[in-house]
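*Asks:* I am attaching a structure below and will ask some questions about it afterwards.
Protein chains in written order, with the working numbering: chain A, 256 to 596; chain B, 256 to 596.
Printed below as a string of structure tokens:
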């Protein structure tokens with residue numbers, strides 16, 4: 256058996272813990288967790304197995320020290336899951352890169368960072384090149400359903416006139432923190448207030464995904480309009496993290512539009528609410544030929560993100576140095592799947 | 256405007272002619288046709304515009320001379336559409352590569368040539384490297400619907416247990432030569448005889464697509480069973496290139512199975528018959544999470560193939576030298592699409 260790829264886990268939150276459990280329980284034939292980093296003092300010094308909910312101790316202690324942890328454990332790659340925002344992860348990614356370690360991050364803004372902050376993006380790219388490491392941001396969305404998938408689906412098109420991407424999920428199937436994040440259980444006025452004060456921020460990544468898609472096919476968008484998240488209410492009671500009565504917010508709907516002149520060239524719709532009867536991802540390309548795909552159900556967000564973070568490891572290890580995006584890597588796929596028997 | 260990419264067209268048949276018309280009529284902002292090659296004596300010396308059905312003369316003569324045509328016109332890339340079989344295209348691809356020109360071919364067996372003939376594949380790879388050129392086989396199928404698409408759709412999977420890919424098309428919407436190729440209008444006995452004597456060969460590319468998919472996700476298939484094409488008959492009359500009466504062959508159905516031990520790990524179904532009520536491409540991945548996408552209609556085969564051949568040009572020009580597959584290139588997409596307004 257070839258030597259296993261050594262992974263350091265940075266951020267032992269909900270997604271990071273699930274990555275840890277998945278690697279230890281299902282991926283032990285080709286990768287192993289050798290280190291864990293988290294800034295939370297309540298996790299520091301504890302066994303990773305306990306913090307990540309493995310149900311047993313694992314023999315790796317969670318540390319809040321980036322440099323010394325990486326230099327002493329010498330991982331091949333870091334899986335990083337701490338924040339959605341580029342400014343928050345910048346110093347963490349810099350520290351990882353300066354230790355000479357590749358990194359795959361779930362940071363939504365990192366999926367297409369040049370549109371968030373050109374200076375940070377250039378700086379990270381330089382640091383990555385100087386240290387001969389690769390930095391990639393990915394996940395299910397951004398990272399797959401609203402960028403990689405529609406990009407690939409334009410391949411068989413001679414002409415493209417309009418692209419619509421939509422994702423609808425029944426939030427009752429998701430974690431309670433996710434349900435709370437989308438406002439479920441709030442009164443409509445509370446929801447609107449929560450939007451105003453930033454307590455509800457909407458889905459992070461719509462403009463990243465749309466920019467990646469437009470750039471891939473050569474469209475120059477004049478602007479991307481990210482509409483404010485709207486509350487979704489229903490006329491009947493549904494059950495989520497609490498009972499959602501009629502008129503109470505079940506979740507949210509958000510739209511984004513990519514404009515070329517006065518033309519709505521790309522349209523995104525994202526709906527997540529408790530009680531959604533249909534769950535789907537859909538990509539509709541008006542063009543020659545028409546390409547219109549729809550999934551049932553929608554791709555599960557948590558599993559999908561965990562899979563993207565792990566499946567990209569072999570490709571990122573082989574990639575050129577620098578701050579890259581999913582558009583730079585060869586065809587993504589599940590990696591090293593064990594035989595189904 | 257940057258200089259346009261110079262394309263030589265090799266094979267001025269149905270698909271080659273459509274590539275020529277598409278480039279001249281719709282892609283003139285970034286590519287141009289500078290040469291045309293075809294071995295048919297009836298085309299040799301004629302104007303490409305007339306041969307390709309452009310409706311006007313174009314000023315490029317079709318030639319049957321590969322070396323002199325390429326050396327005198329100095330194209331950046333050849334679009335090659337002459338045959339489905341590796342053995343038939345070998346000497347043509349060798350001649351192109353030895354002129355130092357990249358090539359994208361619709362040859363079905365070239366999409367994953369190492370499983371067809373390792374010696375030819377190695378030889379072409381060596382010739383390509385020695386001449387610093389890239390050789391790619393692509394198209395809609397193989398090239399997209401049964402390989403690239405299911406490969407990409409495994410990306411968000413932590414686990415993959417079974418993959419089913421199916422494509423169904425109403426052959427009434429396709430060219431008459433295609434309708435004849437799938438046996439439409441034959442009696443069932445004639446169809447069976449045509450299978451026996453090789454007049455109907457079934458869809459070329461199923462084993463290429465399935466091998467590419469299995470290799471991408473790390474499955475070792477013990478064998479691929481390509482079942483013989485079966486005739487499809489209907490209980491009512493339908494209209495195609497001729498009236499298809501009940502009991503007469505409307506088209507064909509073909510299955511392929513990728514076996515691991517006694518387990519049917521990957522299953523392909525391909526149906527093309529006149530009168531098919533639904534047209535779709537479907538990829539169903541049993542795994543964690545479930546990923547199940549279906550299109551309506553199926554992606555048009557002719558437009559799709561033409562698009563794949565043209566859209567891959569920028570990526571192939573930038574690619575490393577050698578005989579490559581779609582799995583080696585970065586994320587495929589439509590290329591250089593003009594603004595939709």
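Glycine included, each C-beta is placed from N, C-alpha and C at the ideal position.
Of all the CB atoms in chain B, is at least one closer than 8 Å to the CB of residue 362 of chain A?
*Replies:* For the purposes of this step, residue 362 of chain A is identified with residue 107 of the first chain, where counting begins at 1. No - not a single Cβ of chain B is within 8 Å of the one on residue 362 of chain A.
*Asks:* At a CB-CB cut-off below 8 Å, which residues of chain A make contact with residue 534 of chain B?
*Replies:* The count along the second chain starts at 1 and reaches residue 534 of chain B at position 279. Correct list: empty, because the minimum Cβ distance to chain A is about 11 Å.
*Asks:* Can you name the start and end residues of the alpha helix (DSSP H) that residue 569 of chain B belongs to?
*Replies:* Along the second chain, one-based indexing puts residue 569 of chain B at 314. Where residue 569 of chain B is concerned, the enclosing alpha helix (DSSP H) stretches over 568 to 573.
*Asks:* Can a CB atom of chain B be found closer than 8 Å to the CB of residue 520 of chain A?
*Replies:* Against the first chain, residue 520 of chain A aligns to sequence position 265. Yes, because at least one Cβ of chain B sits closer than 8 Å to the Cβ of residue 520 of chain A.
*Asks:* Pick helix, strand or coil for residue 488 of chain A, following the three-state DSSP scheme.
*Replies:* Locating residue 488 of chain A in the first chain gives position 233, counting from the first residue. Looking at residue 488 of chain A - three-state DSSP - the assignment turns out to be strand.
*Asks:* One question on the structure: do residue 606 of chain A and residue 359 of chain A come within less than 8 Å of each other, judged by their Cβ atoms?
*Replies:* Because chain A spans 256 through 596 in this model, residue 606 of chain A falls outside it and cannot be assessed.
*Asks:* Compare the beta carbon distance of residue 564 of chain A and residue 361 of chain A with 8 Å and say whether it is the shorter of the two.
*Replies:* The residue given as residue 564 of chain A occupies position 309 in the first chain. The residue given as residue 361 of chain A occupies position 106 in the first chain. A contact, by the Cβ cut-off of 8 Å.
*Asks:* Once the 5 residues before and after residue 533 of chain B are set aside, which same chain residues still bring their CB inside 7 Å of it?
*Replies:* Position 278 of the second chain, counted from the first residue, corresponds to residue 533 of chain B. Counting only Cβ-Cβ distances below 7 Å, and skipping sequence neighbours, we find 423.
*Asks:* What separation, rounded to the nearest whole angstrom, lies between the Cα atoms of residue 415 of chain B and residue 304 of chain B?
*Replies:* One-based indexing of the second chain puts residue 415 of chain B at position 160. One-based indexing of the second chain puts residue 304 of chain B at position 49. One C-alpha to the other measures close to 49 Å.
*Asks:* Rounded to a whole number of angstroms, what is the C-alpha to C-alpha distance between residue 261 of chain B and residue 507 of chain A?
*Replies:* One-based indexing of the second chain puts residue 261 of chain B at position 6. One-based indexing of the first chain puts residue 507 of chain A at position 252. Taking the straight line from one Cα to the other gives about 50 Å.
*Asks:* Who are the neighbours of residue 577 of chain A on chain B, taking C-beta pairs under 7 Å?
*Replies:* Looking up residue 577 of chain A in the first chain gives position 322. In chain order: nothing, as chain B lies at least about 14 Å away.
*Asks:* Helix, strand or coil: which one does DSSP assign to residue 429 of chain A?
*Replies:* Start at 1 with the first residue of the first chain, and residue 429 of chain A comes out as number 174. It is coil, neither helix nor strand.
*Asks:* Put residue 343 of chain A into one of helix, strand or coil per three-state DSSP.
*Replies:* As a position in the first chain, residue 343 of chain A is number 88, starting the count at 1. In this structure, residue 343 of chain A counts as helix in the three-state DSSP scheme.
*Asks:* Closer than 7 Å by beta-carbon distance: list the chain A residues that pair up with residue 395 of chain B, in chain order.
*Replies:* Counting from one through the second chain, the residue named residue 395 of chain B turns up at place 140. By Cβ distance, chain A contributes 411.
*Asks:* Ignoring anything shorter than 4 residues, give me the alpha helix (DSSP H) runs that lie fully in the segment 300 to 356 of chain A, in order along the chain.
*Replies:* 303 to 306, 321 to 328, 341 to 353
*Asks:* Does any C-beta atom of chain A lie closer than 8 Å to the C-beta of residue 555 of chain B?
*Replies:* On the second chain, position 300 is the one that residue 555 of chain B refers to. Residue 555 of chain B counts as touching chain A.
*Asks:* With a 10 Å radius around its C-beta and 16 neighbouring C-beta atoms as the bar for buried, classify residue 458 of chain B as buried or exposed.
*Replies:* Position 203 of the second chain, counted from the start, is the residue given in the question as residue 458 of chain B. It counts as buried.
*Asks:* Starting from residue 578 of chain B, trace the beta strand (DSSP E) in both directions and tell me its first and last residue.
*Replies:* Here residue 578 of chain B corresponds to residue number 323 of the second chain, with the count starting at 1. That run of the beta strand (DSSP E) goes 577 to 579.
*Asks:* Hey, is residue 407 of chain B's beta-carbon within less than 8 Å of any beta-carbon in chain A?
*Replies:* What you label residue 407 of chain B is simply residue 152 of the second chain in a count that begins at 1. Contact with chain A is found for residue 407 of chain B, since one of that chain's Cβ atoms lies less than 8 Å from the residue's Cβ.
*Asks:* Is residue 591 of chain B close to chain A? Criterion is C-beta to C-beta, closer than 8 Å.
*Replies:* Position 336 of the second chain holds residue 591 of chain B. Closer than 8 Å: yes.
*Asks:* Chain B partners of residue 475 of chain A, CB-CB under 9 Å?
*Replies:* Indexing the first chain from 1 puts residue 475 of chain A at position 220. Here the neighbours are 594.
*Asks:* Just to confirm, are residue 462 of chain A and residue 450 of chain A a CB contact at a threshold of 8 Å?
*Replies:* Your numbering for residue 462 of chain A matches position 207 in the first chain. Your numbering for residue 450 of chain A matches position 195 in the first chain. No, they are not a contact pair.
*Asks:* For the beta strand (DSSP E) that residue 389 of chain B lies in, which residues bound it at each end?
*Replies:* The sequence position of residue 389 of chain B within the second chain is 134, counting from 1. Unbroken beta strand (DSSP E) run through residue 389 of chain B: 389 to 392.
*Asks:* Alpha carbon to alpha carbon, what distance is there between residue 476 of chain B and residue 612 of chain B?
*Replies:* The structure shown does not extend to residue 612 of chain B, since chain B is modelled only from 256 through 596, so no value can be given for it.
*Asks:* Excluding the 5 residues flanking residue 379 of chain B on each side, which residues of the same chain have their C-beta closer than 8 Å to its C-beta?
*Replies:* Start at 1 with the first residue of the second chain, and residue 379 of chain B comes out as number 124. Once the five neighbours on either side are set aside, the close Cβ partners of residue 379 of chain B are 345, 348, 349, 352, 368, 390, 578.
*Asks:* Since residue 547 of chain B sits in a beta bridge, which residues does DSSP pair it with?
*Replies:* As a working note, residue 547 of chain B is residue 292 in the second chain. Paired residues: B:539.
*Asks:* What residues of chain B sit near residue 585 of chain A, judged by a beta carbon separation below 7 Å?
*Replies:* If you number the first chain from 1, residue 585 of chain A lands on position 330. Simply 582, 583, 584, 585.
*Asks:* Counting Cβ pairs closer than 8 Å, one from the segment 387 to 405 of chain A and one from the segment 491 to 505 of chain A, do we hit at least three?
*Replies:* no
*Asks:* With 8 Å as the threshold, decide whether the Cβ of residue 353 of chain A is near any Cβ in chain B.
*Replies:* What you label residue 353 of chain A is simply residue 98 of the first chain in a count that begins at 1. So, not an interface residue.
*Asks:* Return helix, strand or coil for residue 278 of chain B, following the three-state DSSP convention.
*Replies:* Within the second chain, residue 278 of chain B is the residue found at index 23, counting from 1. In this structure, residue 278 of chain B counts as helix in the three-state DSSP scheme.
*Asks:* When you compare each of A:402, A:590, A:274, A:456 to residue 537 of chain A by their alpha carbons, which one comes out closest?
*Replies:* Along the first chain, one-based indexing puts residue 537 of chain A at 282. It is A:402.
*Asks:* Taking residue 486 of chain A as the query, report the chain B residues whose CB atoms sit under 8 Å from its CB, ordered along the chain.
*Replies:* Counted from its first residue, the first chain places residue 486 of chain A at position 231. Those within 8 Å of residue 486 of chain A in chain B number zero; the least Cβ separation is about 27 Å.
*Asks:* In three-state DSSP terms, what is residue 407 of chain A?
*Replies:* The residue labelled residue 407 of chain A in the question sits at position 152 within the first chain. Secondary structure at residue 407 of chain A: helix, using DSSP grouped into helix, strand and coil.
*Asks:* Taking 8 Å as the threshold (beta carbon to beta carbon), is residue 417 of chain A in contact with chain B?
*Replies:* Numbered from its first residue, the first chain carries residue 417 of chain A at position 162. By this cut-off, residue 417 of chain A is an interface position.
*Asks:* For residue 270 of chain B, name the three-state secondary structure that DSSP assigns.
*Replies:* Translated into positions along the second chain, residue 270 of chain B becomes position 15. Residue 270 of chain B: helix per DSSP, three-state reduction.
*Asks:* Do you know offhand how far residue 431 of chain B's Cα is from residue 443 of chain A's?
*Replies:* Residue numbering aside, residue 431 of chain B sits at position 176 when the second chain is read from its first letter. Residue numbering aside, residue 443 of chain A sits at position 188 when the first chain is read from its first letter. C-alpha separation (whole angstroms): 59 Å.
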